[in-house]
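Numbering (the numbering used here), first residue to last: 67 to 398.
Glycine included, each C-beta is placed from N, C-alpha and C at the ideal position.
First up is the structure itself, then whatever we jot down about it.
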């Protein structure tokens, strides 16, 4: 055998070995990627939560390689799901609205607080600004009886029509306590909106017709961001009042991102990601407005946000994850 032929055989052997190692390494990498456990989000039924859920899901899927799934949940039903490890992440837990349930879940170890979101949020009873302008003496909730007739409708039984909070939310009970404490039971005809969408469409419809409207609203929402609303005054919020009859203003709510204990243990990089999360009500309102004005989905809104706010979200993630998200966005 000539030296030249022998060299070729050795080179072919080495090349084959290197190729085999590369294929093995690639296979191991793919296996490692496939072995990442799915992360399940509580898909809460209001816009800011839907949008944040999909922004976070997109980043975790494309930036960190986790399969993600969204399962329908509401404010209270998500907690048993956490306990059973059927849900791993909730992007908007309004702690003050469900304080006992939240504290019990933390104490039981079924959830772990991982981040804070929407720090500039608010809740309250509102009227359109044009109603306030036409009735300058209507300043606070205690003025409502003097202006009851302004809000009477054909189906409100001679009382002021009041659209309350969404069924199942803690604010539904809070509003009832406020009505009792302010002695408004004989003044208000309470209407349940049925859903977040029902509440928004009810206010938007009245606003579009320039009709009087009285009810509960919060920010962040597209409605609160786009319509000119007046929040009726209440006595300042105090812990003592809130522990009693709640005849005072809603607090600025502590809104948490929470994860299951199991996820916190198996995916510390995910917990770190949520710890870096910064998302304000005004940002959420802008994304919601884009979504609704363009008749788009929360998924499309999440992609729109990521494409237009890289300076913000890239600070939440590793540089490697940011590059992978960029690649996914570029691919469309």
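* Asked: Quick one, are the C-beta atoms of residue 257 and residue 289 less than 9 Å apart?
  -> No, Cβ-Cβ distance for residue 257 and residue 289 is not below 9 Å.
* Excluding the 5 residues preceding and the 5 following residue 217 in the sequence, name in chain order all residues of the same chain whose CB lies nearer than 6 Å to its CB. => So the qualifying residues of the chain are 226, 227, 278 and 280.
* To do: Measure the alpha-carbon distance for residue 362 versus residue 356 and round it to whole angstroms.
  => Roughly 8 Å separates the two Cα atoms.
* **DSSP-derived helix/strand/coil call for residue 181** => Strand at residue 181.
* Asked: Any idea if residue 209 is buried or exposed, counting beta-carbon neighbours within 10 angstroms, 16 or more meaning buried?
  -> Around the beta carbon of residue 209, fewer than 16 other beta carbons sit within 10 angstroms, so the residue counts as exposed.
* Is DSSP giving residue 301 helix, strand or coil here? -> In this structure, DSSP gives residue 301 a state outside helix and strand, which the three-state scheme calls coil.
* For residue 109: DSSP bridge partner residues -> Residue pairing by DSSP puts residue 109 in a beta bridge opposite 138.
* To do: May I ask you to report which of helix, strand or coil DSSP gives residue 95?
  => No answer about residue 95 holds up, because its pLDDT of 48 lies below 50 and its placement is not dependable.
* **Rounded C-alpha distance that separates residue 178 from residue 285** => C-alpha of residue 178 to C-alpha of residue 285: approximately 25 Å in a straight line.
* **Environment of residue 88 [buried if 16+ CB atoms lie within 10 Å]** => The predicted model places residue 88 with a pLDDT of 47, which falls under 50 and marks its position as unreliable, so this point remains unresolved.
* Straight-line gap, residue 156 to residue 212 (C-alpha atoms, nearest Å) -> A straight-line Cα-Cα distance of about 42 Å links residue 156 and residue 212.
* Please go through the same chain and pick out, in chain order, the residues whose beta-carbon is closer than 7 Å to the beta-carbon of residue 259, but skip the five residues on each side of it. => Result list for residue 259: 229, 232, 265 and 268, in chain order.
* Closest residue to residue 181 among 368, 312, 243 and 337 (Cα-Cα distance) -> Nearest C-alpha to residue 181: 337.
* Asked: Rounded C-beta distance between residue 176 and residue 326? I'm assuming under 8 Å.
  -> Yes, residue 176 and residue 326 are in contact; Cβ-Cβ is about 7 Å, under 8 Å.
* To do: Quick one: give me the first and last residue of the alpha helix (DSSP H) that residue 146 is part of.
  => For residue 146, the enclosing alpha helix (DSSP H) stretches over residues 144 to 149.
* Pick from 158, 149 and 386: whose alpha carbon is nearest that of residue 122? -> It is 158.
* Is the distance from the Cβ of residue 106 to the Cβ of residue 138 below 9 Å? -> No; because the gap between Cβ atoms is not below 9 Å, this pair is not in contact.
* To do: Could you spell out the range, first to last residue, of the alpha helix (DSSP H) harbouring residue 336?
  => Boundaries of the alpha helix (DSSP H) harbouring residue 336: 334 to 341, taken from the DSSP string.
* Asked: Do you know whose CA, among 136, 129, 126 and 370, lies nearest residue 111's CA?
  -> Its Cα nearest to that of residue 111, the residue 136 stands out among 136, 129, 126 and 370.
* Run of the alpha helix (DSSP H) containing residue 391, from where it starts to where it stops -> Where residue 391 is concerned, the enclosing alpha helix (DSSP H) stretches over 385 to 397.
* Contact between the stretch 287 to 302 and the stretch 338 to 351 (3+ Cβ pairs under 8 Å) -> The way I'd put it, the stretch 287 to 302 does touch the stretch 338 to 351; three or more beta-carbon pairs between them come closer than 8 Å.
* Inter-residue spacing [alpha-carbon to alpha-carbon] between residue 114 and residue 287 -> Answer to the nearest angstrom: the Cα atoms are 7 Å apart.
* Pull up the DSSP beta-bridge partners for residue 283, would you. => Its beta-bridge partners are 190.
* To do: List the DSSP bridge partners of residue 228.
  => Beta-bridge pairing links residue 228 to 256.
* When you compare only the Cα positions, how much space is there between residue 95 and residue 129? -> Note that residue 95 has pLDDT 48, beneath the 50 cutoff, so the model's placement of it is unreliable and no number is given.
* Cut-off 6 Å between Cβ atoms - residues of its own chain near residue 301, not counting five sequence neighbours on either side -> Residues of the same chain with a CB within less than 6 Å of the CB of residue 301, apart from the 5 flanking positions on each side, are 314 in chain order.
* To do: Could you tell me whether the Cβ atoms of residue 190 and residue 324 are closer together than 9 Å?
  => No, Cβ-Cβ distance for residue 190 and residue 324 is not below 9 Å.
* Work out the CA separation of residue 109 and residue 97 for me, nearest whole Å. => Here the model assigns residue 97 a pLDDT of 46, short of 50, so the residue's position is not dependable and the matter cannot be decided.
* Between residue 340 and residue 387, is the Cβ-Cβ spacing less than 9 Å? -> No, the pair does not count as a contact, with Cβ atoms beyond the cut-off.
* Determine the direct distance from the alpha carbon of residue 299 to that of residue 203, and round the result to whole angstroms. => Roughly 12 Å between the two C-alpha positions.
* Asked: Is residue 369 near the ligand FMN, judged by its Cβ being under 8 Å from some heavy atom?
  -> Annotation note on the ligand FMN: not contained in the displayed structure, which lists no ligands.
* To do: Please list, in chain order, all residues of the same chain as residue 201 whose beta carbon is under 8 Å from its beta carbon, the five residues on each side excluded.
  => 213 and 216.
* Assuming residue 333 and residue 124 form a contact by the criterion Cβ under 8 Å, report the distance between their Cβ atoms to the nearest whole angstrom. => Wrong, their Cβ atoms sit about 16 Å apart, outside the cutoff.
* Asked: Which of the three DSSP states, helix, strand or coil, is assigned to residue 197?
  -> Note: residue 197 maps to helix in three-state DSSP.
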